[in-house]
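Asks: For reference, the structure I am asking about is given below.
Number of protein chains: 2
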Amino acid sequence: MRNLELDKVYQKLEPGPVVLLTTAECGRPNVMTMSWHMMVEFNPPLIACVVSEADYSFRALSQSGEAVIAIPPADLAETVVGIGNCSGRDVDKFARFGLTAKRANEVEAPLIEQCIVNIECKVLDRGMVKRYNLFILEAVKAWVDPKRAEAPTLHHCGYGRFRIDGEELRLRSAKP
Amino acid sequence: MRNLELDKVYQKLEPGPVVLLTTAECGRPNVMTMSWHMMVEFNPPLIACVVSEADYSFRALSQSGEAVIAIPPADLAETVVGIGNCSGRDVDKFARFGLTAKRANEVEAPLIEQCIVNIECKVLDRGMVKRYNLFILEAVKAWVDPKRAEAPTLHHCGYGRFRIDGEELRLRSAKP
C-alpha cells in the first residue's frame, strides 16, 4: 500500500462504496460493515458516519476515538456480507474471514490488506452521537493499493443486494 | 411517479448516488448537484447532507426548511455536471437544462420529472449547520418512477469523473 494524499480521500468515499470500519479495543481488533458515511470537508478530510449503539464497534469507536475506514473491492462481497451478519462480541472476524490486519501509522485500529483503500481516522466531534449515533471523523493518514486503485467497489441497496461499479464516465467539470 | 414507501427510501440513497437537491425561494425553484449525503435513520427516514454556504441553495434551504432530493439516472450525466457548474444566482437552471418541475405534496420545492426517485424533505435539525454546513433532513414523502426504478445511477469521483452502476449482485443477508 502506498500513501494516498489526504486531499484525494474524498474521491474514494464520495462515490458511496460500502466500507469496512476497523476498531481496536485493548489490542483486540474488530471490523464492521458500514454504508452510512459521507464526506463533510475536503481537506483536512472530515467524514461523517453512523455507527449504531447496537453495533459492538460502537464502544471501541467511542472509547478509543480511533478507526480505519477500509474500502473493499467488489470481489470481497461475500466477506462484506459475512462481516455484517455476525458480531465481534462472539467472533474474531479477522480470523473467521481470513482478513490480514496490518499496523496503521496513526491509530491503533488496523488496516486491512485485502482492501484497496485504507483511511486512518480520529474522532473529531461527538456532538451528534447521543442523538443520531453520528460521528465526525478526521482522516489523518490514507493508503491506496496502486495495483487495484481502480477496482470496482460495492454499493449496498439493502438486504445483501448490491450494485457493482460499472462503466467509467469522464465529463468536463471545474468542480472537485 | 408512484408512491415510494418511506421505509424503502434508504435503499435508494444508501448506494451513494449523485443526487439533485431542489429548493424554492419565494416561488422560484432552484437545483444543485450534491454527493455529500448519507442515511441517518431508516424510518422515519433521516438523511444528513452537506450544503455549503457558498452554494446559492444554502439560503433557500435554510430559510424555507424544505428541499427535494431527486436521483437522476445515469443518462442525465451531462445535465448533472452542467447543474453543478453554474449558479441559481445567475441562471434559471430548470429552464436552461430542460428539467420539468412538478408540484410536490408536502414541500414547496419541486420534484423533477426526469429523475427516477424524488424524496420530499423537511429540515429537522440545524445543530451542525454552523460548524459543518451539515443539515439533518426528514423524508416526509417519496416517489419512484416504476418504469425506471432500476435504472443505473451515477457515483461521483471528483472533477466530472463518474462510475456508473453496473452488474447487480444478490447475496443472502439478514441485515437491511
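Going line by line, the protein sequences match chains A and B.
Quick note, the numbering used here runs 7 ahead of the 1-based positions in the first sequence.
Quick note, the numbering used here runs 7 ahead of the 1-based positions in the second sequence.
Don't be surprised by glycine CBs; every beta carbon is placed ideally from N, CA and C.
Values in this document were obtained by computation on a predicted structure and should not be read as measured data.
#1: Taking contact to mean at least 3 C-beta pairs separated by less than 8 Å, is the region 146-166 of chain A in contact with the region 117-126 of chain A?
#2: What residue does the beta strand (DSSP E) around Glu32(B) start on, and which one ends it?
#3: Using only CA atoms, which one of Glu21(A), Val47(A), His162(A), Leu20(A) lies nearest to Lys137(B)?
#4: Could I get the ranges of all uninterrupted alpha helix (DSSP H) runs contained in the region 87-122 of chain B, with 4 residues as the minimum, in chain order?
#5: I need the straight-line Cα distance from Asn10(A) to Ser64(B), nearest angstrom please.
#6: Check the Cβ of Leu141(B) against every Cβ in chain A and list those closer than 8 Å, keeping chain order.
#7: Considering only residues of the same chain and omitting the five flanking positions on each side of Ile171(A), which have a CB-CB separation below 7 Å?
#8: Use the C-beta contact count for Cys164(B): other C-beta atoms within 10 angstroms, 16 or more gives buried, fewer gives exposed.
#9: Put Asp132(A) into one of helix, strand or coil per three-state DSSP.
#10: Alpha carbon to alpha carbon, what distance is there between Glu85(B) and Gly167(B)?
#11: Give me, in chain order, the residues of the same chain whose beta-carbon lies closer than 8 Å to that of Leu131(B); leave out the 5 immediate sequence neighbours on both sides.
#12: Please return the same chain residues whose Cβ sits closer than 6 Å to the Cβ of Glu120(B), not counting the five positions on each side in sequence.
#13: Counting only the same chain and skipping the five closest in sequence on each side, list residues whose C-beta sits under 6 Å from that of Asn112(B).
#14: What does Ala84(A) touch in chain B if you count any residue whose Cβ is under 9 Å from its own?
#15: In whole angstroms, what separates the C-alpha of Met8(A) from that of Leu118(A)?
#16: Given a threshold of 16 other Cβ atoms within 10 Å of its Cβ, counted over all protein chains shown, does Ala59(B) qualify as buried or as exposed?
#17: Apply the 10 Å Cβ neighbour rule to Asn140(A) and answer buried if 16 or more other Cβ atoms are within range, or exposed otherwise.
#18: For a cutoff of 9 Å on Cβ pairs, would you count Gly105(B) as touching chain A?
#19: Let me know if Asn50(A) comes out buried or exposed under the rule of 16 or more other beta-carbons within 10 Å of its beta-carbon.
#20: Which bits of chain A does Ile126(B) rub up against, with CB to CB less than 7 Å?
#21: Is Leu178(B) near Val88(A), with beta carbons less than 9 Å apart?
#22: On the DSSP bridge assignment, give the partners of Cys56(B) in chain order.
#23: Could you compute how far the alpha carbon of Asn37(A) sits from the alpha carbon of Phe169(B)?
#24: I want to see whether chain B comes within less than 9 Å of Thr29(A), judged by CB atoms only; does it?
#25: Who are the near neighbours of Gly72(A) in its chain, counting only those whose CB is closer than 8 Å to its CB and skipping five residues on each side?
#26: Throw me the rounded Cβ distance for the Met45(B) and Ala61(B) pair, which I believe falls under 8 Å.
#27: Tell me which residues of the region 132-158 of chain A have at least one Cβ-Cβ distance to chain B shorter than 9 Å, keeping chain order.
#28: Using a Cβ cut-off of 8 Å, pull out every chain D residue sitting near Gly167(B), in sequence order please.
#29: Going straight from the alpha carbon of Thr30(B) to that of Arg66(B), what length do you get?
#30: Given this structure, state the Cα-to-Cα distance separating Leu176(A) from Arg103(A), to the nearest angstrom.
#31: Between Glu174(A), Phe101(A), Asn92(A), Glu115(A), which lies nearest to Ala74(A) when the distance is taken from Cα to Cα?
Replies: Taking the definition as stated:
#1: The region 146-166 of chain A, when compared against the region 117-126 of chain A, does touch it at the 8 Å Cβ threshold.
#2: Taken as a continuous stretch (DSSP letters only), the beta strand (DSSP E) holding Glu32(B) covers 26-32.
#3: That would be Val47(A), whose Cα lies nearest to the Cα of Lys137(B).
#4: If only uninterrupted alpha helix (DSSP H) runs of at least 4 residues are considered, those enclosed by the region 87-122 of chain B are 100-103.
#5: In a straight line, the C-alpha of Asn10(A) is about 36 Å away from that of Ser64(B).
#6: Against chain A, a Cβ distance below 8 Å from Leu141(B) picks out Val47, Ala55.
#7: If the five residues before and after Ile171(A) are omitted, its C-beta is found closer than 7 Å to the C-beta atoms of Ala81, Pro159, Leu161, all from its own chain and listed in chain order.
#8: Buried: at least 16 other Cβ atoms inside 10 Å.
#9: The DSSP-derived three-state label of Asp132(A) is strand.
#10: Taking C-alpha positions only, Gly167(B) is separated from Glu85(B) by approximately 9 Å.
#11: Closer than 8 Å at the Cβ level, and outside the excluded window around Leu131(B), lie Leu53, Ile143, Leu144, Glu145.
#12: When the five nearest sequence neighbours on each side are left out, the beta carbons in the same chain lying within less than 6 Å of the beta carbon of Glu120(B) are those of Thr107, Lys109, in order along the chain.
#13: In chain order, Lys148 place their CB closer than 6 Å to the CB of Asn112(B), counting only its own chain and leaving out the 5 sequence neighbours on each side.
#14: Under the 9 Å cutoff, chain B gives Leu176, Leu178.
#15: If I take the Cα positions, the gap works out to 10 Å.
#16: According to the sequence provided, residue 59(B) is Ser. The question's Ala does not apply to it. The residue in question, Ser59(B), is exposed, as its Cβ has fewer than 16 Cβ neighbours within 10 Å.
#17: By the neighbour-count rule (16 or more Cβ atoms within 10 Å), Asn140(A) is buried.
#18: Chain A, which has no Cβ nearer than 9 Å to the Cβ of Gly105(B), makes this no.
#19: It is exposed - the Cβ of Asn50(A) has fewer than 16 other Cβ atoms within 10 Å.
#20: In chain order: nothing, as chain A lies at least about 15 Å away.
#21: For Leu178(B) and Val88(A), yes; Cβs fall inside 9 Å.
#22: Cys56(B) has His44(B), Phe142(B) as its beta-bridge partners, per DSSP.
#23: Asn37(A) and Phe169(B) have their C-alpha atoms roughly 32 Å apart.
#24: No, Thr29(A) does not count as interfacial toward chain B.
#25: These residues qualify, in order along the chain: Lys129, Val130.
#26: About 21 Å; that fails the 8 Å criterion.
#27: Residues passing the 9 Å Cβ filter: Asp132, Gly134, Met135, Arg138, Tyr139, Asn140, Leu141, Ile143.
#28: Absent here is chain D; the protein component of the structure consists of chains A and B.
#29: Rounded to the nearest angstrom, the two C-alpha atoms are 9 Å apart.
#30: Each residue's alpha carbon lies about 37 Å from the other.
#31: Of the candidates Glu174(A), Phe101(A), Asn92(A), Glu115(A), the one whose C-alpha sits nearest the C-alpha of Ala74(A) is Glu115(A).
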